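Engineer: Residue numbers (my numbering), protein chains in the order written: chain S, 1383 to 1518; chain P, 1383 to 1518. All C-beta atoms in this analysis are idealised placements derived from N, C-alpha and C, irrespective of residue type, glycine included. All values derive from a computational prediction rather than experimental measurement. Dropping a structure here in structure tokens format, bear with me for questions.
Number of protein chains: 2
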Amino acid sequence: MSTLKYSRQREAIKTFLKNRTDHPTADTVYTCLREAYPNISLGTVYRNLSLLEQLGEISRISTGDSAEHYDGNMDPHQHFICSHCHKVYDVRIPEIHSLLGKAVENVPGKIEAFHANFYGVCHECQKEPITLEHNP
Amino acid sequence: MSTLKYSRQREAIKTFLKNRTDHPTADTVYTCLREAYPNISLGTVYRNLSLLEQLGEISRISTGDSAEHYDGNMDPHQHFICSHCHKVYDVRIPEIHSLLGKAVENVPGKIEAFHANFYGVCHECQKEPITLEHNP
DNA sequence: TTAAATATTGATAACTATTACTGTTTTGGA
DNA sequence: TCCAAAACAGTAATAGTTATCAATATTTAA
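If you want it as structure tokens, here you go:
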């Protein structure tokens, strides 16, 4: 097993995620960090996002959108994913965690994580005027 | 809006999914259906999976694995995803649905779907002997 | 029953998110 | 300061999915 060494880039990725309340994709992390680290590599971003996830410092949200999203907030919470603008909102239903004890019996393995996603159209997108799908 | 026309392929994809208890990927659907329909196209499979999902006849499971999985069972239930073999198991915790009423208030939009995923290593994989990661 | 209209298909090219590779740089302990 | 290992930047390769398009199948109405 390889020992972990410090890296400025990894630290930046981690603090970047911890300071965001939205749930950026790898590409967003990359684009934003390039301002402070102009020659950070996209591969480095992906490599460290995976690593940080394995270490349990961040979590990966599979939204069904084409790209994965990342969340620096490890407090137990849920997500609402807008199927129109693809934004990921935080949701808090504390009661849901009391069920996890019951889940243990009904599940064919050892639970390491629990993700609960709500899907729908967010209020912002509902406000928007109706647009034609195909403009001539 | 275009009106839907019957298609033998779409019907086959739908009944295939309804008769499975596992949660195949698009590629698995494709490979299996090729036995009965030797020149069905992978594009056709993808196109109809998306369509059937929009119609609410099947649902798409984003497991965090590289490929999406599809589920023909629309009864409310949850999933356990093995992070080792990537199998998707059905889980039933009926109590979880009584919470959805409460969720409505805490969610920034209109809920159209709810997915709850447990992640961990399944009993099958826990049984397995430890294998070297790299065989020479 | 036939014909026109259009949705769907198969085949393939294009796209895009992610991973793998490689030579160079950085880190941390001796 | 020196060395081994980890991490990096840059880039190529992979894989899942979507788009394109000419040919085919389905539906409606004459």
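Check each candidate in P:1395, P:1431, P:1400 and name the one with the smallest Cα separation from residue 1333 of chain P.
Structural biologist: Any answer about residue 1333 of chain P is impossible in this case: the structure gives chain P only from 1383 up to 1518.
Engineer: I need the straight-line Cα distance from residue 1518 of chain S to residue 1398 of chain S, nearest angstrom please.
Structural biologist: Note on residue 1518 of chain S: pLDDT 27, under 50, position unreliable in the model; no value is reported.
Engineer: Terminal residues of the continuous alpha helix (DSSP H) containing residue 1425 of chain S?
Structural biologist: Element bounds for residue 1425 of chain S: 1424-1436.
Engineer: Going along chain P, which residues have a C-beta under 9 Å from residue 1445 of chain S?
Structural biologist: Under the 9 Å cutoff, chain P gives 1444.
Engineer: Any residues in the region 1476-1496 of chain P with a beta carbon nearer than 7 Å to a beta carbon of chain S? Which ones, in chain order?
Structural biologist: Cβ contacts with chain S: 1477, 1478, 1481, 1484, 1485, 1488, 1489, 1490, 1491, 1492, 1493, 1494, 1495, 1496.
Engineer: What are the residues that DSSP puts in a beta bridge with residue 1495 of chain P?
Structural biologist: Partner(s): S:1501.
Engineer: When the Cα atoms are used, what is the spatial distance from residue 1393 of chain P to residue 1389 of chain S?
Structural biologist: Their Cα atoms are separated by approximately 53 Å.
Engineer: Say whether chain S places a C-beta atom closer than 8 Å to the C-beta of residue 1474 of chain P.
Structural biologist: Yes, its Cβ sits closer than 8 Å to a Cβ of chain S.
Engineer: Could you check whether residue 1503 of chain P and residue 1492 of chain S sit closer than 8 Å to each other, using their CB atoms as the reference points?
Structural biologist: Yes, these two residues count as a Cβ contact at 8 Å.
Engineer: Does the CB of residue 1499 of chain S have a neighbour CB from chain P at under 8 Å?
Structural biologist: At least one chain P Cβ lies under 8 Å of residue 1499 of chain S.
Engineer: Under a CB-based cut-off of 8 Å, is residue 1470 of chain P close to chain S?
Structural biologist: It does not: the Cβ of residue 1470 of chain P has no partner Cβ on chain S nearer than 8 Å.
Engineer: Which residues in the same chain have their Cβ closer than 7 Å to the Cβ of residue 1414 of chain P, if we skip the five residues on either side of it in sequence?
Structural biologist: Same-chain partners within the cutoff: 1398.
Engineer: Quick one: which chain S residues come within Cβ less than 9 Å of residue 1464 of chain P?
Structural biologist: Ordered by position in chain S, the residues that pass the 9 Å Cβ test against residue 1464 of chain P are 1490, 1491.
Engineer: Do we get a CB-CB distance below 8 Å when we pair residue 1504 of chain P with the residues of chain S?
Structural biologist: True, the Cβ-Cβ gap to chain S drops below 8 Å.
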